[in-house]
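Below is one structure, written out as structure tokens; the observations come after it.
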Amino acid sequence: MDTPAAPTPTSHFFTSLRTRLHYVDWGNSAAPALLLVHGGFDHARSWDWTARALCGDYHVMAVDLRGHGDSGWSSDGGYMMSSFVYDLAQMVDMIGEETVTIVAHSLGGAISLRYAGLYPERVAKLVAIEGLGLSPARLREKAEEPAVDKWREWIDRRRSTLHKPSRKLASIEAGVERMRARNDHLSVEQALHLTIHGTNRNEDGSYGWKFDPSLRGWSPDTGIDDELPQFWSRITCPVMLCLGLDSWASNPVQDGRAAHFQDARLVEFADAGHWLHHDQFDRFIAELRAFL
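In structure tokens form, the structure reads like this:
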């Protein structure tokens, strides 16, 4: 998997909840709309390999979620799931097509699955790469945690984040090392591309990640996980759920979550972690093309 080359996308902006959001457009506007939604602490350009593979057949767009990439940060440092879903609804309406196809990863999958349950008539097909959230077993553990403890932990974490100096990288190469330490499946070329598009240059010559540090601490009422089956059961389009066998994520067929969908199938990827669309790109694209 080589570093992406031409064609390259164009940058665009729109406004949602008084926040300036960024997305890239790969052209081919006469083709069916396909929206790529990245995961937490990521950015739109992490989809470049996927976009290049699909932009001949689809009008591919990839959005930077609020607080990520080149999109604006929330003024109060708060990131509610409802805001992310509202942003996605704004973008789909802005695209103006009757339906869109969505391919989403992790946090992006969680957002997209909620949107598809709210507006099932607007989504033609949906691919969710480990976007179902915590397993039922982990949710039961969290439910047993006292609410007061969770709220105090969040306040302490937020204060710690605000008082802590921003993380700086001495060089792009240092960012590449950090990226590969987080995902050892990445090649140097992949990590370099992700780092170049995921960092800004600071005044002192160092580099910093583009995402808002406040994203590190989700508020206790960010999203109500036990309500998720209500969203999933309302999705009417075909859904492909993807799971990396080296990932921390739980198998949704085995833990029962897949049963809430009307039309969903699971595809497992060996030798792949949470970022399976990077780790096993060729197989991912083959499965994606077959599904679409």
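Numbering-wise, the sequence shown is residues 1 to 292 according to UniProt numbering. For each residue, glycine too, the CB sits at the ideal point set by N, CA and C.
Simplified DSSP state of residue i, which is helix, strand or coil
i, result
"TRP151", "helix"
"GLY198", "helix"
"ILE102", "strand"
"PHE281", "helix"
"GLU227", "helix"
"SER206", "coil"
"PHE269", "strand"
"GLY27", "coil"
"ILE235", "coil"
"MET80", "coil"
"PHE261", "coil"
"THR50", "helix"
"LYS142", "helix"
"ALA110", "helix"
"PHE291", "helix"
"residue 312", "No information on residue 312 is available, as it lies outside the stretch 1 to 292 that the chain covers here."
"GLY244", "strand"
"ALA124", "strand"
Burial state of residue i (16 or more Cβ within 10 Å)
i, result
"GLY205", "exposed"
"ARG66", "buried"
"LYS142", "exposed"
"VAL37", "buried"
"TRP275", "buried"
"ASP48", "buried"
"LYS210", "buried"
"LYS164", "exposed"
"VAL239", "buried"
"SER29", "exposed"
Span separating the alpha-carbon of residue i from that of residue j
i, j, result
"GLY56", "ILE95", "18 Å"
"ALA33", "SER250", "30 Å"
"GLN230", "PRO7", "40 Å"
"ALA104", "HIS12", "20 Å"
"GLY198", "GLY175", "9 Å"
"VAL100", "SER247", "28 Å"
"GLU173", "ALA181", "12 Å"
"ALA17", "VAL85", "Here residue 17 turns out to be Leu, not Ala, going by the sequence shown. Their Cα atoms are separated by approximately 11 Å."
"ASP263", "THR236", "7 Å"
"ILE196", "ASP70", "13 Å"
"ALA128", "GLN90", "20 Å"
Residues near residue i in its chain [Cβ-Cβ closer than 8 Å; skip 5 each side]
i, result
"ASN202", "LYS168, GLY208"
"GLU98", "ARG122"
Beta-carbon contacts of residue i that lie in its chain and below 6 Å, excluding the five residues immediately before and after
i, result
"THR10", "ASP25"
"GLU287", "VAL267"
Neighbourhood of residue i by C-beta, 7 Å cutoff - its chain only, sequence neighbours within 5 removed
i, result
"ARG216", "THR161"
"ALA31", "ASP57, TYR58, HIS59"
(request) Tell me, please, whether the segment 108 to 125 touches the segment 80 to 97 by the rule of three or more beta-carbon pairs shorter than 8 Å. (result) A contact exists between the segment 108 to 125 and the segment 80 to 97.
(message) Below 8 Å, how does it come out for the segment 242 to 259 and the segment 134 to 141: are there three or more Cβ pairs, yes or no?
(response) yes
(message) Counting beta carbon pairs with one atom in the segment 231 to 246 and one in the segment 116 to 124, are three or more of them shorter than 8 Å?
(response) yes
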